[in-house]
Structure formats: structure tokens, C-alpha cells
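> Quick one: the structure is below, and I'll ask about it shortly.
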Amino acid sequence: MNKFVSGLFTKSYRSLVKYALVCTVIAPSAVSTVYAAEAQAVAPAASTLKIGENYGGGKVAYIYQVGDEGYVAGQTHGLIAAKEDLGSGASWEKAIKLCREYNGGGFTDWRLPNKVELNRLFVTRATVGGFENHHYYWSSTESDKNDAWDKSFRTGVENLGYKLDNNYVRAVRTF
């Protein structure tokens, strides 16, 4: 006699994103070999994401709001920050390179945050975690050939930093 078994199983994969695995198994008895199986992995709804949650190889640092560049009505998009700083200080050009070469969670689209994104990281720094509060962080936003914008994660002050200075680096990507 054949038995039909269907169920919902969950499994956390390498990216630490929880997927629901829906399986249908047909077998002659509950303990015998599987004759046919179908499985489908279903990603979680992005609208359920929260700041600081593990997602997309890092942590959700910002969710776009109406008026933000990248906002799409009815969809959830935002900014993911790497879980930790890349090194302990680098020149601006080295910071760009470190972010491009980073592959956290298997993703290869990491980059140095622009000035607006760096401000968003500052606002959510306590929830995202891992930031050095007494140091400056680089943004990708240049002023001229010698200077780029950086930000103190102690005071929140934005400055034009000399590109050869050593500042901290946190990679970001969007979802």
C-alpha cells in the first residue's frame, strides 16, 4: 500500500538565510526507498527583514524608504553591511580594492559605501554591530583627486579625508 507524505521542513544554509524546503515524497511504506521526490526552496519574504539581521552575506543595515534612491513601491530593498571591518585601516584606494575583493557569504558585488550609505551605517551602527566607535570610516565619494569623504563613528562628523590616510573600511552591497 502506498503512503503519501508531505511536509514543511526548514534548513539554514551557508548564507544564514532560513529557507523553507517543501517536499512531497511517495513511497510504498513509511520506511522504504523514495520513488519520487519534489523539492522547492522558498526564500523568506524580504519585507520581514529587520535591521541587524543576517542576510545576503552580511547584516541588514538599512531598508529603503519612500523617497530613497533605490526604493520600489511594494518591494523591499536596502543596504547590507559586511559583518566586520576589512582590516584595521587602509588608504582610500586600498579600501576600494579591499571591498571589491571581498566575497562575504559567497557574494562578489561588495563595494565601499558612498557618503549617503556611510551616514546610514552610522545611524544603525549599534544594531548592525562591529564598528570601531573611535575611528573614521571611508566612503567612496570623492571630493577631488586628493580627498574623499570620511566619517567619524565617534562623533558622526563628516570630513574630507586625505586619500593616503588610513581609515577603517566596511564593505556594503544592496539587495
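Sequential numbering from 31 applies to the sequence shown in the numbering used here. Ideal placement from N, C-alpha and C gives every residue a C-beta, glycine not left out. Here the structure is a predicted model, which is why all the values come from computation and not from measurement.
(1) So what's Thr204 in DSSP terms, helix, strand or just coil?
(2) Under the rule that 16 or more other beta-carbon atoms within 10 Å means buried, what is Tyr198, buried or exposed?
(3) Counting Cβ pairs, one atom from each stretch, are 3 or more of them under 8 angstroms apart for the segment 165 to 178 and the segment 88 to 104?
(4) Could you spell out the range, first to last residue, of the beta strand (DSSP E) harbouring Glu172?
(5) When DSSP builds the beta bridges, which residues end up paired with Trp179?
(6) Apart from the five residues just before and just after Ala125, which ones in its own chain have a Cβ nearer than 6 angstroms to its Cβ?
(7) Cα-Cα, which of Thr185, Gly104, Leu128, Ile93 is closest to Asp115?
(8) Between the C-alpha atoms of Gly136 and Ala120, what's the straight-line distance to the nearest angstrom?
(9) Exposed or buried, which one is Tyr192 when buried takes at least 16 other CB atoms within 10 Å?
(10) Using a Cβ-Cβ cutoff of less than 8 angstroms, which residues in the same chain neighbour Asn163 once the five nearest sequence positions on both sides are dropped?
(11) Taking Val153 as part of the alpha helix (DSSP H), name the residues at either end of that continuous run.
(12) Mark Glu123 as exposed unless 16 or more other C-beta atoms lie within 10 angstroms of its C-beta, in which case mark it buried.
(13) Out of curiosity, what's the CA-to-CA distance linking Gln105 and Ala201?
So, to answer that:
(1) As a first step, residue 204 must be located in the sequence shown, where it is residue number 174. Residue state, collapsed to three classes: strand.
(2) Residue mapping note: residue 198 aligns to position 168 of the sequence shown, counting from 1. The residue is buried, with at least 16 neighbouring Cβ atoms inside 10 Å.
(3) no
(4) Walking along the sequence shown from the start, residue 172 turns up at place 142. Its beta strand (DSSP E) spans residues 166 to 172.
(5) Numbered from its first residue, the sequence shown carries residue 179 at position 149. Answer by DSSP bridge pairing, in chain order: Leu190.
(6) Taking the first residue of the sequence shown as position 1, residue 125 is located at position 95. If we look at Ala125 and ignore the five residues flanking it on each side, its Cβ neighbours are Leu142, Trp168, Val199.
(7) Translated into positions along the sequence shown, residue 115 becomes position 85. Comparing Cα positions, the closest option is Leu128.
(8) Translated into the one-based positions of the sequence shown, residue 136 becomes position 106. Translated into the one-based positions of the sequence shown, residue 120 becomes position 90. Approximately 23 angstroms between the Cα atoms of the pair.
(9) What you label residue 192 is simply residue 162 of the sequence shown in a count that begins at 1. It is exposed - the Cβ of Tyr192 has fewer than 16 other Cβ atoms within 10 Å.
(10) In the sequence shown, counting from the first residue as 1, residue 163 sits at position 133. These residues qualify, in order along the chain: Arg155, Phe183, Arg184.
(11) Walking along the sequence shown from the start, residue 153 turns up at place 123. Looking at the DSSP string, the run of the alpha helix (DSSP H) that includes Val153 is 145 to 153.
(12) Within the sequence shown, numbered from 1, the residue matching residue 123 stands at position 93. Classification of Glu123: exposed, given that the 10 Å Cβ count is below 16.
(13) Walking along the sequence shown from the start, residue 105 turns up at place 75. Walking along the sequence shown from the start, residue 201 turns up at place 171. Between Gln105 and Ala201, the C-alpha separation is close to 24 angstroms.
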